[in-house]
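In this note's numbering, each number is its position in the sequence shown, counted from 1, plus 3.
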Amino acid sequence: MPIPEDVTGEEIDKDVRQELQSLPKGLAEDVAKNLVMVARLIDEDPEGAYGYSKVALRLASRVAAVREAAGFAAYANQKYSEALAEFRAARRMTGNVELWPVMADCERGLGRPEKALDMAGAPEVHKLDKAGQVEMRLVAAGARRDMGQLDAAIVTLQSPELASNSVQPWTARLRYAYADALLAAGREDEAREWFAKAVESDKDGSTDASDRLAELDGVEFVDAFDEDETEADTEGAEKVVADDVDDEEGDLKD
């Protein structure tokens with residue numbers, strides 16, 4: 004797959020670059036460039052990212068960072084079985100547990116929420132950092148909802164992290180998930196309160212909390228382009244009516 008000229012491979016994280024040092028220099032550069040493309044495209048063009056991840060995988064399947072990148076690219080394309088296999092491979096190579104929450108979410112994607120809940124209660128969770136533990140809580144709540152256990156999902160999300168006034172990178176997503184669960188349970192007033200809190204903490208627009216809040220408040224957004232078209236149509240209709248009236252008046256005079 005083509006690599007843009009501005010991609011050098013130097014953009015990758017230094018830890019990944021260190022992993023690639025086990026490869027011949029030219030090969031390491033090629034792999035690095037493909038990994039850069041995966042990271043660059045995964046949000047906006049997941050299919051493209053997946054393509055580059057397969058190239059990197061073909062070149063260096065024994066590098067943990069490559070297996071992890073391939074896992075995330077497959078995950079972004081909802082290829083959960085493939086993603087889970089790649090994450091497991093990366094974990095075997097490194098021995099760390101940071102991929103545990105996303106592995107559990109793959110189990111959800113495969114229609115196995117019970118397995119995701121088993122993973123949420125495993126010893127590995129205690130080895131996660133705070134962000135990882137919050138992510139695991141989100142996955143567990145999602146698994147409860149998959150099983151139709153709304154009240155249990157709400158309770159799962161109730162935590163010191165949810166109640167904290169401190170804003171962390173995961174705060175908006177946690178508040179959003181809680182608001183969404185409350186709304187699904189028919190607790191609209193509480194849901195509105197937590198969507199509002201999610202908006203306050205969502206500095207980078209990672210959720211659509213503001214849209215959900217507006218929807219609850221009955222606010223409708225009109226696209227400016229559509230509004231201009233509507234005004235033009237109205238003006239055109241008024242002109243036609245006016246022309247018809249003029250024609251009728253002319254006929255009467257005749």
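All C-beta atoms in this analysis are idealised placements derived from N, C-alpha and C, irrespective of residue type, glycine included.
None of the values given here were measured: they were computed from a predicted structure.
How is the alpha helix (DSSP H) around residue i delimited, first residue to last?
i: Trp197; result: Glu191 to Ser204
i: Asn37; result: Lys28 to Leu44
i: Ile157; result: Leu153 to Leu160
i: Arg91; result: Tyr83 to Thr97
i: Glu22; result: Lys17 to Glu22
i: Thr210; result: Thr210 -> no alpha helix (DSSP H), and no H or E assigned at all.
i: Asp183; result: Thr174 to Ala187
i: Glu50; result: Pro49 to Leu62
Out of curiosity, what's the CA-to-CA distance linking residue i and residue j?
i: Val19; j: Val58; result: 17 Å
i: Ala199; j: Leu216; result: 7 Å
i: Glu50; j: Ala77; result: 9 Å
i: Ser64; j: Gln161; result: 40 Å
i: Asp192; j: Val170; result: 23 Å
i: Ala144; j: Ala155; result: 8 Å
i: Glu196; j: Trp173; result: 18 Å
i: Leu131; j: Arg111; result: 20 Å
i: Leu153; j: Ala68; result: 37 Å
i: Ala35; j: Glu14; result: 8 Å
i: Leu113; j: Gly151; result: 16 Å
i: Leu23; j: Leu38; result: 11 Å
i: Tyr181; j: Ala194; result: 8 Å
i: Asp9; j: Arg70; result: 24 Å
i: Leu120; j: Leu44; result: 31 Å
i: Ala92; j: Ala42; result: 19 Å
Under the rule that 16 or more other beta-carbon atoms within 10 Å means buried, what is residue i, buried or exposed?
i: Val248; result: Note that Val248 scores 47 on pLDDT, short of 50, meaning its location in the model is unreliable and no value can be drawn from it.
i: Met122; result: buried
i: Pro5; result: exposed
i: Gly189; result: exposed
i: Thr210; result: buried
i: Thr159; result: buried
i: Ala166; result: exposed
i: Val222; result: exposed
i: Gln21; result: exposed
i: Ser25; result: exposed
DSSP three-state call for residue i: helix, strand or coil?
i: Pro126; result: helix
i: Val142; result: helix
i: Val69; result: helix
i: Leu219; result: helix
i: Asp132; result: coil
i: Pro116; result: helix
i: Trp103; result: helix
i: Glu13; result: coil
i: Glu8; result: coil
Taking Cβ positions only, does residue i come closer than 7 Å to chain D?
i: Gly29; result: You won't find chain D in this structure, because it holds only one protein chain.
Could you tell me whether the stretch 82-89 touches the stretch 23-32, using the rule of 3 or more Cβ pairs below 8 Å?
no
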